[in-house]
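Working notes, beginning with the structure itself.
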Amino acid sequence: MRPIPITDHELAQKAAALRQRMLRLIVQAGAGHTGGGLSCLDILNVLYNRVLRVSPETFTDPHRDRYVQSKGHCVEALYVVLADRGFFPDADLDTVCRYQSRYVGHPTRKIPGIEMNTGALGHGLPICLGMALAGKMDAAPFRVFTLLGDGELAEGSNWEAAMAAAHHRLDNLVAILDHNTLQITGHTRDVMSNEPLDEKWRAFGWEVRTINGHDYAELTRALTEPPPAGKPLFIIANTVKGKGVSFMENVGKWHHGVPSEAELAAALAELDATIHRFST
Numbered sequence: 362m363r364p365i366p367i368t369d370h371e372l373a374q375k376a377a378a379l380r381q382r383m384l385r386l387i388v389q390a391g392a393g394h395t396g397g398g399l400s401c402l403d404i405l406n407v408l409y410n411r412v413l414r415v416s417p418e419t420f421t422d423p424h425r426d427r428y429v430q431s432k433g434h435c436v437e438a439l440y441v442v443l444a445d446r447g448f449f450p451d452a453d454l455d456t457v458c459r460y461q462s463r464y465v466g467h468p469t470r471k472i473p474g475i476e477m478n479t480g481a482l483g484h485g486l487p488i489c490l491g492m493a494l495a496g497k498m499d500a501a502p503f504r505v506f507t508l509l510g511d512g513e514l515a516e517g518s519n520w521e522a523a524m525a526a527a528h529h530r531l532d533n534l535v536a537i538l539d540h541n542t543l544q545i546t547g548h549t550r551d552v553m554s555n556e557p558l559d560e561k562w563r564a565f566g567w568e569v570r571t572i573n574g575h576d577y578a579e580l581t582r583a584l585t586e587p588p589p590a591g592k593p594l595f596i597i598a599n600t601v602k603g604k605g606v607s608f609m610e611n612v613g614k615w616h617h618g619v620p621s622e623a624e625l626a627a628a629l630a631e632l633d634a635t636i637h638r639f640s641t
């Protein structure tokens with residue numbers, strides 16, 4: 362059930378190729394959350410290739426690790442990573458957002474590799490709280506991971522779950538924040554400031570780690586080193602919205618913008634250069 366060994370250079374090449382696949386998917390579908398998908402892809406890349414003890418063959422194993430994508434609107438990034446890991450054929454992605462396709466715009470359990478339906482923000486952490494608590498009650502060895510977005514932290518259900526997780530000493534629970542600081546209507550600091558994040562989560566009783574969300578070594582270390590006994594883990598992964606495509610980086614319109622054919626060609630060429638750089 363453990364991931365196969367993979368180097369940082371190999372992860373970087375894979376990430377660029379997955380970004381290309383995600384962009385093609387979004388253009389073909391005519392819809393998608395481009396910027397947030399690009400910002401969280403490195404996190405998913407490390408999770409599924411280095412951290413999670415789960416595979417297509419072990420997805421029904423009761424001792425598998427669980428991952429729930431709470432920021433479900435960025436499902437395209439999850440789709441391409443799951444296809445790359447063999448949970449379903451890559452060709453299935455050609456049907457995303459098509460009539461009667463099961464590959465819709467938010468995660469659904471109809472798709473192999475997806476643990477829970479999400480999309481309405483603020484649901485992932487409470488769901489994972491229940492999974493982690495059940496694991497503790499059963500003395501099961503699995504860990505539970507969830508990925509949150511900045512704007513999502515305005516949902517009160519997250520803070521109820523944060524309080525309960527610390528109370529129940531769920532050190533098998535990991536919440537990762539894709540901290541790109543942008544949301545659909547602007548910068549988080551202007552829409553609904555959530556700072557100081559680290560102090561807030563520590564005050565709730567969590568172990569907090571702040572990292573570069575595009576650095577594979579930092580991601581791997583933060584996700585694999587166990588927290589102190591009895592403390593759930595909150596990882597603030599500082600990321601860049603639109604990461605990997607220069608004209609999309611830190612630009613709010615790419616929250617759900619769909620590239621034109623010319624923009625797609627430019628983005629693919631830039632990512633080709635990234636692949637080449639890490640192959641030499």
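For the sequence shown, this note's numbering assigns the number 362 to the initial residue and increments by one for each residue that follows. Where is the CB? At the ideal position from N, CA and C, for every residue including glycine. Please read these numbers as outputs of a predicted model, since none were measured by experiment.
{"query": "Quick check on DSSP: helix, strand or coil for GLU568?", "result": "strand"}
{"query": "Our contact map puts ASN599 next to ASN573 with C-beta atoms below 8 Å; I'd like the distance itself, whole angstroms only.", "result": "6 Å"}
{"query": "Please classify ALA510: does DSSP put it in a helix, a strand, or coil?", "result": "Residue 510 is actually Gly in this sequence, not Ala. Strand, per DSSP."}
{"query": "Along the chain, where does the beta strand (DSSP E) containing LEU430 start, and where does it finish?", "result": "Checking the sequence shown, residue 430 turns out to be Gln, not Leu. Segment 427-430, the beta strand (DSSP E) holding GLN430."}
{"query": "Nearest to CYS458 by CA position, among ARG582, ASP451 and HIS467, is which residue?", "result": "HIS467"}
{"query": "Going by Cα to Cα distance, which pick from ALA444, ALA481 and GLY483 is closest to TYR464?", "result": "ALA444"}
{"query": "Which residue from LYS375, TRP520, ILE488 and GLU513 puts its Cα closest to that of PHE506?", "result": "ILE488"}
{"query": "Considering Cα atoms alone, identify which of THR421, TYR428 and PHE503 is closest to ASN406.", "result": "TYR428"}
{"query": "Our contact map puts VAL415 next to ASP426 with C-beta atoms below 8 Å; I'd like the distance itself, whole angstroms only.", "result": "5 Å"}
{"query": "My guess is that GLY605 and ALA392 are in contact by the Cβ rule of under 8 Å, so how many angstroms apart are they, rounded?", "result": "Contact doesn't hold; Cβ gap of about 20 Å is too wide."}
{"query": "Could you compute how far the alpha carbon of PRO333 sits from the alpha carbon of MET383?", "result": "Outside the displayed span of the chain (362 to 641) sits residue 333, for which this structure offers no information."}
{"query": "Would you mind reading off the limits of the beta strand (DSSP E) that contains HIS617?", "result": "Where HIS617 is concerned, there is no enclosing beta strand (DSSP E), given that its DSSP letter is neither H nor E."}
{"query": "Taking the continuous beta strand (DSSP E) assigned at VAL601, which residues delimit it?", "result": "Taken as a continuous stretch (DSSP letters only), VAL601 belongs to no beta strand (DSSP E), as it is neither H nor E."}
{"query": "Please report the distance separating the alpha-carbon of LEU632 from that of LYS375.", "result": "11 Å"}
{"query": "Could you name the residues of the same chain whose beta carbon sits closer than 8 Å to that of ARG446, not counting the 5 residues immediately before and after it, in chain order?", "result": "TYR409, ASN410, SER416, PRO417 and GLY474"}
{"query": "Hey, could you find the ends of the alpha helix (DSSP H) ALA373 is sitting in?", "result": "369-390"}
{"query": "In three-state terms, what does DSSP make of ASN541?", "result": "coil"}
{"query": "My output table needs one value for HIS575: the three-state DSSP class, helix, strand or coil.", "result": "coil"}
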